[in-house]
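Per this note's numbering: the sequence shown = residues 103 to 404. Note that beta-carbon positions come from the ideal geometry of N, C-alpha and C, so glycine has one too. Only a predicted model underlies this, so the values are computations on that prediction, with no experimental measurement involved. Written out below as structure tokens is the structure these notes cover.
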Amino acid sequence: MKVAITGATGFVGTRLVERLLTEGHQVMVLTRSPDRAAKAFSNAVDVVAYDPMASGAWQETIAGCDAVVNLAGEAIAENRWTPERKQSLMNSRKITTEKVVEAICKANPKPSVLVNSSAIGFYGTSETVTFEESSESGNDFLAEICRAWEAEANRAKECGTRVVILRTGIVLGMGGALERMLTPFKMFAGGPIGTGRQWFSWIHREDLVSLILRALTRSEMEGVYNATAPNPVRMGEMTTVLGQVMNRPSWLPVPGFALEAMLGDGAIVVLEGQQVLPKRTLADGFEYQYPTVKDALEEILK
């Protein structure tokens, strides 16, 4: 199988490329930094320079690919949500996906499947409601992004391409969000962020990559699947288990106002949450290698 990937040099994308190559597939990386990508993957992949915001010759390279995985999108919670930043966050998902789907529809032959990222931000936030794939969308900015993102991806169905959308939780692995959480624990100053009561819906990076691979190869998979572990936890439990695994205290909370001072509206990503269950993912028969947060953290930090 020949797979084109956007976002291949990111936290999830790098591991996906490794797994695809190990399984004997051919990988084409669409990237704004071709030299960096070639170095990262030791020239084991085909590297194509592209502008994710514009049509161009790069789109022609999609022809002949069996599948496309679209992981592109700017990090949500790393800067304050100024009006300009919010527009950039939207464009990095909506427009990028629009251009990828445009390429798919122009291709001859066409890829048979598009696996497109989305996020559990689709559902909005709640301390009391449980969300699954059939749940309605929320009404905040993150939900607005996800709706626009998914709508662009679903246009590929009009061209005869199967579309799988993975609404992804917080991805745990050595890097990403977890790496930022480790610093205070290493200094014996770890603890819950905010109230500790907000839900933390997560997935181990290996399980997420396995789910992407499953979506690529199982023709019966179509539509929305929650890419979250089957056992979400509250933030307080997450940090307690993290402290136990690291053999560090976990009693010193990080006050919400400190995050709000740094990130503004972006603090919602960690100060509020949602309990998301992968009902359809489990019904499809997907087996999690790391179903509990303790399983995941012990593997990552062993």
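Terminal residues of the continuous beta strand (DSSP E) containing residue i?
i	result
residue 219	215–221
residue 107	104–108
Since residue i sits in a beta bridge, which residues does DSSP pair it with?
i	result
residue 305	273
residue 329	270
residue 265	216
residue 356	295
residue 372	Residue 372 is not bridged to any residue.
residue 300	Per DSSP, none; premise fails for residue 300.
residue 377	232
Ends of the alpha helix (DSSP H) at residue i?
i	result
residue 348	337–348
residue 291	Where residue 291 is concerned, there is no enclosing alpha helix (DSSP H), given that its DSSP letter is neither H nor E.
residue 381	381–385
residue 124	113–124
residue 102	No answer is possible for residue 102: it lies beyond the span of the chain, which begins at 103 and ends at 404.
Residue i and residue j look like a contact to me (Cβ under 8 angstroms); what is the Cβ gap, rounded to whole Å?
i	j	result
residue 107	residue 173	7 angstroms
residue 347	residue 399	5 angstroms
residue 169	residue 103	6 angstroms
residue 333	residue 393	6 angstroms
residue 222	residue 376	6 angstroms
residue 201	residue 157	6 angstroms
residue 275	residue 113	7 angstroms
residue 196	residue 254	6 angstroms
residue 171	residue 118	7 angstroms
residue 186	residue 220	Between residue 220 and residue 186 the Cβ distance is about 23 angstroms, and since that is not below 8 angstroms, they are no contact.
Discussion item. Which runs of the alpha helix (DSSP H) at least 4 residues long sit entirely within the segment 128–199? Give them in chain order.
Written reply: 136–142
Practice prompt. Write down every uninterrupted run of the beta strand (DSSP E) in the segment 203–258 whose length is 3 residues or greater and which is fully enclosed by it, in chain order.
Written response: 215–221
Discussion item. I'd like to know if the segment 226–241 and the segment 209–217 are in contact, where contact means that at least 3 CB-CB pairs between them fall below 8 angstroms.
Written reply: The segment 226–241, when compared against the segment 209–217, does not touch it at the 8 angstroms Cβ threshold.
Discussion item. Below 8 angstroms, how does it come out for the segment 176–184 and the segment 147–163: are there three or more Cβ pairs, yes or no?
Written reply: no
Discussion item. Can you confirm whether the segment 285–297 touches the segment 133–150 when touching is taken to mean that 3 or more C-beta pairs between the two stretches lie within less than 8 angstroms?
Written reply: no
Practice prompt. Assess, as a yes-or-no matter, whether the segment 337–349 is touched by the segment 233–244 under the definition of 3 or more beta carbon pairs within less than 8 angstroms.
Written response: no
Discussion item. Within 8 angstroms, do at least three Cβ pairs link the segment 199–208 to the segment 304–311?
Written reply: no
Worksheet item: Does the segment 329–336 come close enough to the segment 375–386 that 3 or more CB-CB pairs lie under 8 angstroms?
Response: With three or more CB-CB distances shorter than 8 angstroms, the segment 375–386 counts as touching the segment 329–336.
Worksheet item: Do the segment 260–280 and the segment 346–356 meet, that is, are 3 or more Cβ pairs less than 8 angstroms apart?
Response: no
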